[in-house]
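Report on one structure; see the data block that follows.
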Amino acid sequence: MKRNNNTIRIENIGYHKYKTKQVVECNIDLNGYQRRIVNEYYNFKGRLYVGVEGFISLILPYAINENIEIETKYTVDKTYYDNIKNILKKYEEWNPQKNINLRIHAPIKKKKLVFNRPNRKSLCSFTGGVDSFFTLIENNNSIGGLMYVQNFDVFDSQNKLLDSVLKMVRSVSQKYNKQVIICNSNIRKEFPRRFSPYFGWGKYLHGPALMCLAYPLSPTYKHYFIPGTGKSSISMQWGSSHHIDHHNSSSFFYISHSGDHDRYDKLKIMLGKDTFPLEHLKVCYKNKNQAYNCSKCEKCYRTIICIYLLGYKDKMKTFDQNVDPKKFLEIQLGSHEYNRGRYFQEKLARIYDELHPNHS
Ligand SMILES: [Zn+2]
């Protein structure tokens with residue numbers, strides 16, 4: 001039934017345990033548009049937290065930007081409730097002309113939630129990219145588990161690519177002695193971009209979607225690292241950033257956006273310590289014909305030239321060795337990649353010139 005009274009309702013949060021998976025799900029009524037979010041955790045032995053905070057984070061960009069009240073009967077952690085008000089402030093800075101707001105109608109729980117598990121470690125999202133590897137290597141001592149979510153970056157329909165990525169995530173977890181948590185989620189299917197621009201995956205949704213999957217793991221992990229996408233000095237509206245992510249923390253689960261460096265500097269620091277990532281790096285999002293890395297897109301070129309300039313080209317195993325690294329300096333950037341791409345073209349051209357003073 002369509003209920004159209006300008007409210008987002010989070011309802012029927014459910015939990016199911018099967019032999020090989022645990023499931024946390026809920027109904028989200030987006031102003032009359034009914035969605036059912038289903039998040040699955042395969043072969044995870046720990047207990048899951050079945051609460052509302054992760055689902056609130058998931059719909060915050062939509063609720064704030066559309067100025068629609070969120071209503072739920074589920075208790076919200078007081079620290080979380082106070083924290084997310086800072087997200088509104090950030091959106092106001094980015095969109096000074098817009099009439100945006102954050103309104104939540106829910107019972108608030110003042111008492112701090114305490115899990116009966118000492119020494120909870122940190123959790124890290126892991127996709128095999130530069131940001132993931134950097135976060136893992138920089139925080140190796142505190143990280144206890146790596147989380148990978150199917151149907152976020154690679155889809156069930158890309159079965160060959162998905163197999164390779166899952167194999168990579170398992171190899172990396174084994175190498176660094178981490179627990180691996182493979183999840184599956186229908187968030188992208190249930191929140192399509194065509195329904196609202198505020199479901200745009202890059203600009204709004206990917207960070208909140210990851211938090212929605214991570215919150216249930218809080219009985220085992222006290223801290224969640226989202227591998228960062230750039231430097232904190234760049235205040236750009238993006239779905240996961242140094243400016244937003246930590247404001248989704250609660251009294252029992254701390255979230256942070258990690259790694260305050262650009263891609264070149266991350267590779268420099270990381271490969272100086274450990275070249276193992278070069279055997280598994282997966283950065284491509286084009287994935288034409290289910291290629292692990294296409295070695296032809298802006299992101300692949302951008303990564304290849306960094307590796308080349310740092311002197312590790314012969315060690316890279318997951319890109320075409322024959323690509324001319326200079327190509328990145330010459331490609332025409334599309335509008336969506338222009339800002340970041342231009343910054344790198346200028347920086348890497350300078351480094352290239354220093355290394356090749358006689359080239360024309
Ligand atoms: Zn590519």
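Sequential numbering of the sequence shown, starting at 1, is according to my numbering. Backbone N, C-alpha and C define an ideal beta-carbon position, used for all residues, glycine too.
Any heavy atom of ligand 1 closer than 7 Å to the beta-carbon of Lys286? yes
Based on the DSSP output, what are the partners of Lys286 in its beta bridges? Bridge partners of Lys286: none, in fact.
For Met236, does the count of other Cβ atoms within 10 angstroms reach 16, so buried, or fall short, so exposed? exposed
CB-CB under 7 Å to Ser57, same chain, minus the five flanking residues each way: which ones, in chain order? Pro208, Met211, Cys212 and Asn248
Under DSSP, the beta strand (DSSP E) around Pro227 begins and ends at which residues? Tyr221 to Pro227
My understanding is that Arg35 touches Glu69, with C-beta atoms under 8 Å, so please give their C-beta distance in whole angstroms. So it is not a contact: roughly 17 Å between Cβ atoms.
Chain-order list of residues whose beta-carbon lies under 6 Å from that of Lys222 (same chain, five-residue window excluded): Arg120
Where do the ends of the alpha helix (DSSP H) carrying Thr303 lie? Glu298 to Leu309
Please name the residue, chosen from Ile28, Pro277 and Ala106, that lies closest to Phe319 on a Cα-to-Cα basis. Pro277
So is the beta-carbon of Lys178 under 7 Å away from any non-hydrogen atom of ligand 1? no
Who pairs with Arg35 in a beta bridge, going by DSSP? Ile28
Less than 7 Å between the CB of Cys306 and some heavy atom of ligand 1, yes or no? no
Just curious, the alpha helix (DSSP H) that His206 is in, first and last residue? His206 to Ala214
Check the DSSP bridge columns for Ser256 and list the partner residues they point to. Phe225
Given that a residue counts as buried once 16 or more other Cβ atoms are within 10 Å of its Cβ, and exposed if not, what is Phe344? buried
By DSSP, does Asn12 sit in helix, in strand, or in coil? strand
Would you please state the rounded distance, in angstroms, between the beta carbons of Trp201 and Gly239? I believe it to be under 8 Å. 7 Å
Alpha carbon to alpha carbon, what distance is there between Glu93 and Asn99? 12 Å
How big is the Cα-Cα spacing for Asn4 and Gly32? Caution applies to Asn4, whose pLDDT of 48 falls short of 50 and renders its modelled position unreliable; the model cannot decide the point.
With DSSP as the reference, label Ser218 as helix, strand or coil. coil
Would you check if the segment 169 to 188 and the segment 133 to 150 touch, i.e. whether three or more CB-CB distances between them fall below 8 Å? yes
Cβ shell of Asp262 (< 8 Å), same chain only, five flanking positions each side left out: Gly230, Lys231, Tyr343, Phe344 and Lys347
Does the Cβ of Gln174 have 16 or more other Cβ atoms within 10 Å, making it buried, or fewer, making it exposed? exposed
Span of the beta strand (DSSP E) around Tyr264: Premise fails: Tyr264 lies in the alpha helix (DSSP H), Arg263 to Lys273, not in any beta strand (DSSP E).
Would you say the beta carbon of Lys296 is closer than 7 Å to some non-hydrogen atom of ligand 1? yes
CB of Lys175 to nearest heavy atom of ligand 1: below 7 Å? no
Using a Cβ-based criterion (distance less than 7 Å to any ligand heavy atom), does Lys299 qualify as near ligand 1? yes
Measuring straight from C-alpha to C-alpha, what distance separates Ile187 and Tyr264? 32 Å
Beta carbon of Asn293: closer than 7 Å to some heavy atom of ligand 1? yes
So, for Leu60: in the same chain, excluding its five sequence neighbours on each side, which residues have a beta-carbon less than 7 Å away from its beta-carbon? Ile84, Ile87 and Pro208
Could you round the C-beta distance between Val52 and Tyr15 to whole angstroms and report it? I think they count as a contact, below 8 Å. About 13 Å; that fails the 8 Å criterion.
Where does Asn184 sit, in a helix, a strand or coil, going by DSSP? strand
Using a Cβ-Cβ cutoff of less than 7 Å, which residues in the same chain neighbour Asn12 once the five nearest sequence positions on both sides are dropped? Cys26 and Asn27
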